[in-house]
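2 protein chains.
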Amino acid sequence: IIQVRGLSKTYYLSDEVKIRALDNISIDVKRGEYMAIMGASGSGKSTFMNILGFLDTPSSGSYILDGIEGGSLTKDQKAEIRNRKIGFVFQGFNLLARTSAIENVEMPLFYKGGITDAEARKKASELLDMVGLTGREDHHPNRLSGGEQQRVAIARALITNPAIILADEPTGNLDSKNTEDIMKLFTRLNGEMGITIIMVTHEPDVAEFAARKIVFKDGSIIIDAKTGKN
Amino acid sequence: IIQVRGLSKTYYLSDEVKIRALDNISIDVKRGEYMAIMGASGSGKSTFMNILGFLDTPSSGSYILDGIEGGSLTKDQKAEIRNRKIGFVFQGFNLLARTSAIENVEMPLFYKGGITDAEARKKASELLDMVGLTGREDHHPNRLSGGEQQRVAIARALITNPAIILADEPTGNLDSKNTEDIMKLFTRLNGEMGITIIMVTHEPDVAEFAARKIVFKDGSIIIDAKTGKN
Ligand SMILES: Nc1ncnc2c1ncn2[C@@H]1O[C@H](COP(=O)(O)OP(=O)(O)OP(=O)(O)O)[C@@H](O)[C@H]1O
Ligand SMILES: Nc1ncnc2c1ncn2[C@@H]1O[C@H](COP(=O)(O)OP(=O)(O)OP(=O)(O)O)[C@@H](O)[C@H]1O
Ligand SMILES: [Mg+2]
Ligand SMILES: [Mg+2]
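Chains as they are written, first to last, in our numbering: chain A, 1 to 230; chain B, 1001 to 1230.
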């Protein structure tokens, strides 16, 4: 479902100072695969995820999602694919500050359209319940704990029934019980519904829920292996 | 160094709906102690840390820091104690968006005063080097990875040589190598300089670097024990 060839991303801070965030990445991800991404802080994981999620463009190389070449798309076409096919859990959550948890979760459905207010609210409420946030639906993000904000971000990523979940450190602020619940949820989405999951994590226990693990170092993939789950 | 008696914090969302974020907490922390705080997401850890750091006030109960009763202080007096005695690592980093990493780290020194620009810059540069961020000094937060932002927040908390470090999930976005480096740094600050450290974490391996561990549940402390380090 994902084909990446020679992907590079370089940031230029000045004429002479540049940072190679991604260095010639090539990788294939099959439909229905559950892959973990690990690697040191600053090794390029989020940069890679942002390009996969059409939130950023590479400096060079190609990225094909579901047969569609990323480079050939307009900004609007990318936004439409993001909304229809991808659920993105951001490392920094990126919740809208002036709306409640449940409004944050519903929002992707209103972009998509074709759903009544009542249906959207019901779906959002069920997802919040699935991540243990019943009772926090009307809180704005600044009235939620760090782990609660993270779970709102997870619920929001799932509401459009995406074909692909891109989760950047989805359990970084969660205790072991909540982490386990989220991992069971992801395992079910992948196992029963065939959703492709790419998950950045720095916790080896969390990576073990995936079937495949890749490791980034200085913008390159240095390890690509099956996990113990196989 | 810290005495807490009957501390409670209740949020009122409306006349009938209230959330007991902290429920009658009493605890003493000795000078030079290294204590870890664990507990489920939403159990009150950050609320407790914010009160200890004079960033929030309790609904009831008392908090004495270094012999000074928190309730008797003015807003300005609290800001002054925060600046002089406490180094706070926020769960959400709370970096200033429009200033560089090194300017973020220096800032507490300029509040404190009595230091030249050159000395402040030198000290900030050394701290950024200590957390592995040489080469990222001039980046603004939106040009830093999640783990890099977290390390800037850690460096900033240390720059005034505080008597107490309050660290809320300081390694939540860090890989194992960086986590280990930060834990070695904290162990040195505690062991060699006698700095009191209170650290929220959801990772048991990280908690083991502390000598004492408390566990929060629904706003109360349900466990208070020595760690394996003893
Ligand atoms: N301003 C607020 N208004 C209402 N409720 C709040 C507010 N701030 C926090 N809460 C609630 O208080 C509870 C405790 O929050 P706190 O941030 O202390 O949790 P925590 O233990 O740090 O959680 P985490 O591990 O997820 O960071 C949460 O359930 C949260 O929803
Ligand atoms: N806009 C930018 N301008 C310049 N440099 C950047 C920018 N964004 C990221 N970087 C740099 O690119 C490198 C890779 O960043 P990235 O966010 O992909 O790392 P990461 O692997 O996700 O790290 P972490 O585990 O800390 O989240 C980092 O060293 C970072 O400083
Ligand atoms: Mg990242
Ligand atoms: Mg918290």
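No residue lacks a Cβ here, since even glycine has one placed at the ideal position from N, Cα and C. Bear in mind that the values here come from a model prediction, so they are computed numbers and not experimental data.
Taking residue i as part of the alpha helix (DSSP H), name the residues at either end of that continuous run.
| i | result |
| --- | --- |
| LYS969(B) | No information on residue 969(B) is available, as it lies outside the stretch 1001 to 1230 that chain B covers here. |
| ASP205(A) | 204 to 207 |
| LYS1229(B) | Element bounds for LYS1229(B): n/a, residue is neither H nor E. |
| GLY191(A) | 176 to 193 |
| GLY1146(B) | 1146 to 1158 |
| SER1014(B) | Looking at the DSSP string, SER1014(B) is not in any alpha helix (DSSP H), and its letter there is neither H nor E. |
Is it buried or exposed, residue i, if we count other Cβ atoms within 10 angstroms and call 16 or more buried?
| i | result |
| --- | --- |
| TYR1063(B) | buried |
| ALA1210(B) | buried |
| GLY191(A) | exposed |
| THR1134(B) | exposed |
| GLY1228(B) | exposed |
| GLU1203(B) | buried |
| ARG1212(B) | buried |
| ARG1098(B) | exposed |
| GLN1150(B) | buried |
| SER41(A) | buried |
Can you name, in chain order, every residue of its own chain whose Cβ lies under 8 angstroms from the Cβ of residue i, other than the five neighbours on each side?
| i | result |
| --- | --- |
| LYS1018(B) | THR1010, TYR1011, TYR1012 |
| SER1176(B) | none |
| ASN1083(B) | PRO1108, TYR1111, LYS1112, THR1160 |
| ASN1094(B) | ALA1153 |
| ARG121(A) | ILE102, GLU106 |
| PHE73(A) | According to the sequence provided, residue 73(A) is Leu. The question's Phe does not apply to it. The residues are PHE54, ILE81. |
Between the Cα of residue i and the Cα atoms of the options, which residue gives the shortest distance?
| i | options | result |
| --- | --- | --- |
| GLY1071(B) | LEU1109(B), ALA1021(B), LEU1007(B) | LEU1007(B) |
| ILE1154(B) | ILE1182(B), ASN1142(B), ILE1037(B) | ILE1182(B) |
| GLY1092(B) | PHE54(A), ILE68(A), GLY147(A) | GLY147(A) |
| GLN65(A) | ASP28(A), ASP224(A), LEU95(A) | In the sequence as presented, Gln is not what sits at residue 65(A); that position holds Leu. It is ASP28(A) whose Cα lies nearest to the Cα of LEU65(A). |
| GLY61(A) | ILE51(A), ALA167(A), LEU55(A) | ILE51(A) |
| SER100(A) | ASN142(A), LEU174(A), LYS30(A) | ASN142(A) |
| THR196(A) | MET49(A), GLU33(A), LEU158(A), MET38(A) | GLU33(A) |
| VAL4(A) | ALA36(A), GLY67(A), ALA40(A), SER41(A) | GLY67(A) |
| LEU22(A) | ASP218(A), ALA225(A), LYS226(A) | ASP218(A) |
| GLY1194(B) | LYS1030(B), ASP1076(B), ALA1225(B) | LYS1030(B) |
| MET1199(B) | GLY1087(B), HIS1139(B), ASP1129(B) | GLY1087(B) |
With a threshold of 6 angstroms on Cβ separation, who are the neighbours of residue i within its own chain once the five nearest residues in sequence on each side are excluded?
| i | result |
| --- | --- |
| VAL206(A) | THR171 |
| ILE242(A) | Outside the displayed span of chain A (1 to 230) sits residue 242(A), for which this structure offers no information. |
| PHE1216(B) | GLY1039, SER1043, GLY1044, LYS1045 |
| SER59(A) | SER8, LYS9, THR10 |
Let me know the secondary structure DSSP gives residue i once reduced to three states.
| i | result |
| --- | --- |
| ASP1028(B) | strand |
| ALA1210(B) | coil |
| LEU1055(B) | coil |
| GLU106(A) | helix |
| ARG1098(B) | coil |
| SER1046(B) | helix |
| ARG1121(B) | helix |
| GLU1126(B) | helix |
| GLY6(A) | strand |
| ARG1143(B) | helix |
Enumerate in chain order the residues of its own chain whose CB-to-CB distance from residue i is below 7 angstroms, with the five nearest sequence positions on each side excluded.
| i | result |
| --- | --- |
| THR1187(B) | PHE1209 |
| ILE1115(B) | LEU1109 |
Output the boundary residues of the beta strand (DSSP E) element that contains residue i.
| i | result |
| --- | --- |
| SER247(A) | What the structure shows of chain A is the stretch from 1 to 230, and residue 247(A) is not part of that stretch, so it cannot be assessed. |
| ILE198(A) | 196 to 200 |
| GLY39(A) | 34 to 39 |
| ILE165(A) | 164 to 168 |
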